[in-house]
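S.K.: Just dropping this structure here.
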Amino acid sequence: MTAVPARLVARPARAAALLPRLAPSTLRGRLSLVALTTAALIMVILTILFNTVVRQHLQRQADDELRTRAAAVATTVDTSGPKVRVLETSNDALLDADVWIYSGARLLEQPASTTARGPLTRVAYGLVAHGGQDCVTAEDRHADGPVRLCAEPVARRAGGSAATVVTALDLTPYRSSADTLLLGSFVLDTVMLACTYALTRLAVGRALRPVGTMTDQATQWSAVASEQRFGALGRPAELASLGLSLDALLDRIRAVLRHERQLTAELSHELRTPLSRIVAELDWWQAHPRTDGETGAAHAVIADAAQSMRTICDTLLNDAREGTSTAPGTAEVLPVLRRLAAGLAAPAQLTVEIRAGDERLEAGVPAALLQRTVSPLLANALRFAHSYVAVEARRTVDGVRIDVTDDGPGVPESFAARLFQPGQRADPHDGHGGAGLGLPLARRLARSAGGEVCHDPGHTPGARFVVTLPAG
0 MTAVPARLVA
10 RPARAAALLP
20 RLAPSTLRGR
30 LSLVALTTAA
40 LIMVILTILF
50 NTVVRQHLQR
60 QADDELRTRA
70 AAVATTVDTS
80 GPKVRVLETS
90 NDALLDADVW
100 IYSGARLLEQ
110 PASTTARGPL
120 TRVAYGLVAH
130 GGQDCVTAED
140 RHADGPVRLC
150 AEPVARRAGG
160 SAATVVTALD
170 LTPYRSSADT
180 LLLGSFVLDT
190 VMLACTYALT
200 RLAVGRALRP
210 VGTMTDQATQ
220 WSAVASEQRF
230 GALGRPAELA
240 SLGLSLDALL
250 DRIRAVLRHE
260 RQLTAELSHE
270 LRTPLSRIVA
280 ELDWWQAHPR
290 TDGETGAAHA
300 VIADAAQSMR
310 TICDTLLNDA
320 REGTSTAPGT
330 AEVLPVLRRL
340 AAGLAAPAQL
350 TVEIRAGDER
360 LEAGVPAALL
370 QRTVSPLLAN
380 ALRFAHSYVA
390 VEARRTVDGV
400 RIDVTDDGPG
410 VPESFAARLF
420 QPGQRADPHD
430 GHGGAGLGLP
440 LARRLARSAG
450 GEVCHDPGHT
460 PGARFVVTLP
470 AG
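Sequential numbering from 0 applies to the sequence shown in numbering that gives the first Met the number 0.
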């Protein structure tokens, strides 16, 4: 097998790599190139067809002129006798120009410019030998271009001899006309292609102008803060559909970003308490010398707070996963509530009462989710209560109900409608901490488990929040 040189293999590869570089980089340029290529192909086909038809038409005109001349010459040929005679007329010079007259296969007359053995005479004899009534094109070195010859038999009378008239015509004027039409066709094609390319670029540019406007708008808008959308009004059907799709995409992006921002705020809100416990324990442990027992107790508090932070992260992140429902599980309500109350460290002037109608009351949710649902409610109650906070759990017909009650100022009636909206507080300057995220988080977690968190507007004085969860 013969080895192919590497340079020969590399050339097609380089050519293939060069083609993408030559192609326009913009959609406008590519569409214009496609339109130009298509128009060029169509014009080439039409030009070939047009010039073919023109050349055939000019050839038919030449043949008709030759036959007309042959018919005129035939009137001067007498075939009534045993021999063919050529009659003399006043227009012999005109009629005999480029004319051959045969009696059978015998040449009677020929043009003065030719000889009996000349190329055109041989062609004329060939037409006669084939029976006449035929036309051929021949080349003559004495003429400027090709010559067309046509043979026409002369009708003979009864008892007369057969005769054939052959006429010739220089095709140079006809070919010149055809070449001029061909050149004109190329010029017209070039002008039409230039106009097609320019108009296509203009039309495509105008059609893509709304796309450029949409691109500039999308660059300037903020997916989170801006309420502006592309819309479909006043746009072509394709761009209207694209605008609606982009609007839906922007809405989804905004919802995702808002959800992530809310999740970040909730994590910060929930992690603040255990983190404060860790910091307080470390400060207390470093400020005073401690015994081994006290150091071990501090380590236990820090470990418990760290575990609480881990539980908070797992609970919130699992709930944040789209389409992921709460994992099934059960939790004894009373131990969770007591552990939660102990971890929040109520002020000394407050009395916190945890009670349940059934010591073994179970909720159909994991303990971590139960703790994260009740924790914001209990933290709010401890923050606003004057003297006591009560947490009561009991079984209901369709689940478990937990009431968190305090004797604080309660929820203002004007604020009740915005109570569970993220970031909303009745009075941001009341001197209490909080970011307005605890109640929305509690409701969201409860609903993820098939429960609910609501405010009891009929309870006075103070406030009462009700948690309902499925039974375990």
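Each residue gets a CB set at the ideal place from its N, CA and C atoms; glycine is no exception.
In the DSSP assignment, find the unbroken alpha helix (DSSP H) run with residue 51 in it and report its ends.
M.R.: 26 to 73
S.K.: Just to confirm my understanding: we take residue 453, look at its own chain, exclude 5 residues before and 5 after, and list those with CB closer than 6 angstroms. What are they?
M.R.: 465.
S.K.: Can you pull the DSSP bridge partners for residue 464?
M.R.: 403 and 454
S.K.: Identify which residue in 399, 245, 373 and 154 has its Cα closest to the Cα of residue 80.
M.R.: Residue 80 has its Cα closest to that of 154, out of 399, 245, 373 and 154.
S.K.: Use the C-beta contact count for residue 340: other C-beta atoms within 10 angstroms, 16 or more gives buried, fewer gives exposed.
M.R.: buried
S.K.: When burial is assigned at 16 or more other CB atoms within 10 Å of the CB, is residue 392 buried or exposed?
M.R.: buried
S.K.: Going by DSSP in three states, residue 321 sits in which element: helix, strand or coil?
M.R.: Residue placement at residue 321 is poorly supported in this model, since its pLDDT is 48, which falls under 50; the coordinates are not used for a value here.
S.K.: Which class does residue 373 belong to by DSSP, given the choice of helix, strand or coil?
M.R.: helix
S.K.: Between which two residues does the alpha helix (DSSP H) containing residue 340 stretch?
M.R.: Residues 332 to 343.
S.K.: Output yes or no for whether 7 angstroms exceeds the beta carbon distance between residue 46 and residue 240.
M.R.: no
S.K.: Do residue 363 and residue 329 have their CB atoms nearer than 7 angstroms?
M.R.: yes
S.K.: Checking 7 angstroms against the spacing of the C-beta atoms, do residue 441 and residue 395 come in under that value?
M.R.: no
S.K.: Is the beta carbon of residue 39 sitting closer than 7 angstroms to the one on residue 192?
M.R.: yes
S.K.: When the Cα of residue 129 is compared with those of 397, 75, 27 and 163, which residue comes out closest?
M.R.: 163
S.K.: Nearest-angstrom Cα distance between residue 190 and residue 37?
M.R.: Cα-Cα distance, rounded: 15 angstroms.
S.K.: Starting from residue 207 and walking both ways along the alpha helix (DSSP H), at which residues does that stretch end?
M.R.: 171 to 219
S.K.: Tell me which same chain residues have a C-beta within less than 7 angstroms of the C-beta of residue 84, skipping the five on either side of it?
M.R.: Short of 7 angstroms from the beta carbon of residue 84, and not among the five residues preceding or following it, lie these beta carbons of its own chain, in chain order: 77.
S.K.: List the whole-angstrom C-beta distance separating residue 134 from residue 119, where the pair is believed to meet the contact cut-off of C-beta under 8 angstroms.
M.R.: Going by Cβ atoms, the distance from residue 134 to residue 119 rounds to 14 angstroms, so no, they are not a contact pair.
S.K.: Is the region 204 to 218 in contact with the region 52 to 66, if contact means three or more CB pairs nearer than 8 angstroms?
M.R.: no
S.K.: Alpha helix (DSSP H) containing residue 445: first to last residue?
M.R.: 437 to 447
S.K.: What is the DSSP secondary structure of residue 244, reduced to helix, strand or coil?
M.R.: The answer is helix: DSSP assigns residue 244 an H, G or I state.
S.K.: Whole angstroms is fine: what's the gap from residue 18's alpha carbon to residue 24's?
M.R.: Any reading at residue 18 must be qualified, since the residue scores a pLDDT of 48, below 50, and its modelled position is unreliable; no value is offered.
S.K.: Within the continuous alpha helix (DSSP H) that includes residue 120, where are the two ends?
M.R.: 118 to 128 is the span of the alpha helix (DSSP H), which, as asked, contains residue 120.
S.K.: In the DSSP assignment, what residue or residues form a beta bridge with residue 412?
M.R.: DSSP, once it has assigned bridges, lists no residue as partnering residue 412.
S.K.: Tell me whether the beta-carbon of residue 187 lies closer than 7 angstroms to the beta-carbon of residue 150.
M.R.: no
S.K.: Quick one: what does DSSP say residue 276 is sitting in, helix, strand or coil?
M.R.: helix
S.K.: Helix, strand or coil for residue 360? Go by DSSP, reduced to three states.
M.R.: coil
S.K.: Measuring straight from C-alpha to C-alpha, what distance separates residue 57 and residue 30?
M.R.: Looking at the two C-alpha atoms, the distance is approximately 40 angstroms.
S.K.: Residue range of the beta strand (DSSP E) that residue 83 falls in?
M.R.: From DSSP, residue 83 is part of no beta strand (DSSP E); its letter is neither H nor E.
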